[in-house]
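Q: Below is the structure I would like to discuss, written out as structure tokens.
Structure representation (structure tokens):
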């Protein structure tokens, strides 16, 4: 009997071990399933601009909308920027103010990314601290940074300008507004832009924190400030719409050498003009004169 009892005990023990062995895969499978369920959660906030884009070839503006689903608006948006501003089609009906001041320190970056506002990796960008803002039709937007495009992105009566500056603003509800300044060539150097040119980094991806030069934003925009106003988009992927645009009517003059200092770093980085579609361009002052 003892022998039989011993055999029975061994059989029982082996049965229990086998049962435990069958439960282990269940734990592992549960763990794996849990991991599979959690993985997408960590990927629910993809980068705002996951695909590389550029201004030439297969990565150029004509193909932005096909590079990534996030860029869908670049191909299918109906209120895109930039546009050609035809003076004869402009109508009255906008109200804005520019409240710009001095900044004792600023950053100058070559090809720097600024994800929370605009991720433009193909330009010279100047970032400033709080203190400057614009108000458009009663809504206030704080200036965050400004950057450059050569040649201009916007055109006026079909005419391009050698360079364009975009001053990017953001409101408390994260809406965007951009003030555009167009440049033309002149004979007299602009000392205010020499401050920026002197600190442009030589290498892409580098930035400089300038603390020994004060930059007054009023000196880098036209002193007289009538403007065209329309609703558009970012001019770079993802081409998000509902961006308020103010395109200054008056230009800033720089020497060919000063414009060349920017162009040498960023080359041609202008998106072609987009259809106006059902939009209207407003202005605070109507001027039907043409060049």
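Residue numbers (the working numbering): 120 to 410.
Even glycine gets a Cβ: it sits at the ideal position worked out from N, Cα and C.
#1: Can you give the Cα-Cα distance for residue 334 and residue 318, rounded to whole angstroms?
#2: Does the contact criterion of 3 or more C-beta pairs under 8 Å hold for the region 372-379 versus the region 211-222?
#3: Expressed to the nearest angstrom, what Euclidean distance is found between the alpha-carbon atoms of residue 337 and residue 312?
#4: In three-state terms, what does DSSP make of residue 237?
#5: Just to check my reading of the structure: residue 227 and residue 327 have Cβ atoms closer than 8 Å, yes? What is that Cβ distance to the nearest angstrom?
#6: Since residue 289 sits in a beta bridge, which residues does DSSP pair it with?
#7: For residue 316, is the beta carbon positioned less than 6 Å from some heavy atom of the ligand FAD?
#8: So what does residue 349 bridge to, in DSSP terms?
#9: To the nearest whole angstrom, what separates the beta carbons of residue 300 and residue 371, a pair I think is in contact under 8 Å?
#10: From which residue to which residue does the beta strand (DSSP E) around residue 314 run?
#11: Would you say residue 241 reaches chain D, if we count a Cβ-Cβ gap shorter than 7 Å as a contact?
#12: For residue 244, I'd like the list of residues in its chain whose CB is within less than 6 Å of its CB, leaving aside the five on either flank, ordered along the chain.
#13: Looking only at its own chain, which residues have a Cβ that is under 6 Å from the Cβ of residue 382, when we skip the five neighbours before and after it?
#14: Whose CA, out of 272, 284, 292 and 330, lies closest to the CA of residue 225?
#15: Going by DSSP in three states, residue 304 sits in which element: helix, strand or coil?
#16: Determine whether the beta carbon atoms of residue 193 and residue 179 lie at a separation below 7 Å.
#17: Per DSSP, what kind of secondary structure is residue 280 in: helix, strand or coil?
#18: When you compare each of 402, 393, 388 and 277 to residue 242 by their alpha carbons, which one comes out closest?
#19: According to the neighbour-count rule (16 or more other Cβ atoms, all chains shown, within 10 Å of its Cβ), is residue 251 buried or exposed?
#20: Could you name the residues that DSSP lists as bridge partners for residue 218?
#21: Using the Cα positions of residue 188 and residue 195, report the straight-line distance between them to the nearest angstrom.
#22: Roughly how many whole angstroms lie between the Cα atoms of residue 283 and residue 390?
#23: Apart from the five residues on each side of it in sequence, which residues of its chain come closer than 8 Å, Cβ to Cβ, to residue 173?
#24: In this structure, does DSSP put residue 61 in helix, strand or coil?
#25: If residue 347 and residue 402 are in contact, beta carbons under 8 Å, what's the gap, nearest whole angstrom?
#26: Using only CA atoms, which one of 274, 288 and 279 lies nearest to residue 259?
#27: Whose C-beta lies closer than 8 Å to the C-beta of residue 254 among residues of the same chain, with five residues either side of it excluded?
#28: Taking the C-alpha atoms as reference points, what is the distance between residue 363 and residue 324?
#29: Do you know how far the Cα of residue 302 is from the Cα of residue 280?
A: Per the coordinate set shown:
#1: 12 Å
#2: no
#3: 12 Å
#4: With a pLDDT of 43 at residue 237, under the threshold of 50, the predicted position of this residue should be treated as unreliable, and no value is reported.
#5: 5 Å
#6: 261 and 295
#7: In the structure on display, the ligand FAD does not appear, and there are no ligands present to speak of.
#8: 364
#9: 6 Å
#10: Looking at the DSSP string, residue 314 is not in any beta strand (DSSP E); the run it does join, the alpha helix (DSSP H), is 310-316.
#11: The structure shown has no chain D; it contains just one protein chain.
#12: 228, 231, 264 and 266
#13: 269
#14: 330
#15: strand
#16: no
#17: coil
#18: 388
#19: buried
#20: 252
#21: 11 Å
#22: 12 Å
#23: 179 and 241
#24: With the chain covering 120 to 410 only, the question about residue 61 has no answer from this structure.
#25: 5 Å
#26: 288
#27: 215, 216, 218 and 260
#28: 29 Å
#29: 6 Å
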